[in-house]
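Here is the structure we will look at, set down as structure tokens.
In UniProt numbering, the protein residues as written are 1 to 79.
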């Protein structure tokens, strides 16, 4: 017997470019999230960019994830 479980949560289609260096030095920047809110990758380890939403700084592992967040921040913001 085989059981398969799945959730209805949409999985983002993310193309990461982890070897690219950030445009600015983000060391020491304190972000509200440990994981990228879009792809759930460890943002603290691979911080490439940030965005401010409702006076909170969010960290992202890629430009793509930041762009997706900015399209619909309510969907991804920390509650």
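For glycine and all other residues, C-beta sits at the position ideal for the given N, C-alpha and C.
Assumed close pair residue i, residue j - CB separation to whole angstroms, cut-off 8 Å
i          : j          : result
residue 32 : residue 64 : Going by Cβ atoms, the distance from residue 32 to residue 64 rounds to 20 Å, so no, they are not a contact pair.
Cβ neighbours of residue i in the same chain (closer than 8 Å, five flanking residues each side left out)
i          : result
residue 29 : 47, 50, 57 and 59
Local Cβ density within 10 Å of residue i, reported as buried at 16 or more and exposed below that
i          : result
residue 45 : exposed
residue 43 : buried
Neighbourhood of residue i by C-beta, 6 Å cutoff - its chain only, sequence neighbours within 5 removed
i          : result
residue 26 : 47
residue 34 : 44
Reduced DSSP secondary structure (H/G/I, E/B, other) of residue i
i          : result
residue 74 : helix
residue 67 : helix
residue 28 : coil
residue 79 : coil
residue 51 : strand
residue 60 : strand
residue 35 : strand
Cut-off 7 Å between Cβ atoms - residues of its own chain near residue i, not counting five sequence neighbours on either side
i          : result
residue 53 : 73 and 77
residue 66 : 49, 51 and 60
CA-to-CA distance, residue j to residue i, given in whole angstroms
i          : j          : result
residue 36 : residue 55 : 17 Å
residue 70 : residue 39 : 14 Å
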